[in-house]
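Here my numbering is used: the first residue of the sequence shown is 430, the next is one more, and so on.
Glycine is no exception: its CB is placed at the ideal position from the N, C-alpha and C atoms.
Computed from a predicted model, the values in this text were never measured in an experiment.
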Amino acid sequence: MTPHQPVNPAIPPQESLIQYPSAFPIKVMGPNHEAFVASVLGVVVQHAPDFDAATLERRPSSSGTYLGLTVTVTATSREQLDAIYRALTSLPHVKYVL
Numbered sequence: 430m431t432p433h434q435p436v437n438p439a440i441p442p443q444e445s446l447i448q449y450p451s452a453f454p455i456k457v458m459g460p461n462h463e464a465f466v467a468s469v470l471g472v473v474v475q476h477a478p479d480f481d482a483a484t485l486e487r488r489p490s491s492s493g494t495y496l497g498l499t500v501t502v503t504a505t506s507r508e509q510l511d512a513i514y515r516a517l518t519s520l521p522h523v524k525y526v527l
């Protein structure tokens, strides 16, 4: 792969498995701290301004050390989803993004 080649090449709309706009859940795992939650919400709202924080789902791990978050955004394009995933995975507290 060359340095300027896109990581995810463009998929023609007729070949995409996702119809846009679409409700799209994103799961994020990190430490069970409010700073983690705030940073995830900040990224999501930056890329999906219509996101309703009241719909955020939280699932603490059995030990309470980690927190799983599910944010469901109204995805408008693959580019938007790629930007959200890149931004979330760049956060220092994030362990996983699915």
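Residues in the same chain with beta-carbon distance under 7 Å from residue i, minus the five sequence neighbours each way, listed in chain order, please.
i, result
"Leu-510", "Phe-453 and Ala-504"
"Ser-468", "Leu-520 and His-522"
What separation, rounded to the nearest whole angstrom, lies between the Cα atoms of residue i and residue j?
i, j, result
"Val-472", "Tyr-495", "19 Å"
"Gln-448", "Ser-506", "9 Å"
"Met-458", "Val-474", "18 Å"
"Glu-463", "Val-500", "15 Å"
"Ser-451", "Ser-492", "34 Å"
"Ala-477", "Pro-460", "23 Å"
Where does residue i sit, in a helix, a strand or coil, going by DSSP?
i, result
"Val-523", "coil"
Could you check if residue i is buried or exposed, using at least 16 other CB atoms within 10 Å of its CB as the buried criterion?
i, result
"Leu-517", "buried"
"Leu-498", "buried"
Please list the segments of the alpha helix (DSSP H) lying wholly inside the stretch 470-513, counting only runs of 4 or more residues, in order along the chain. Within the stretch 470-513, no complete alpha helix (DSSP H) run reaches 4 residues.
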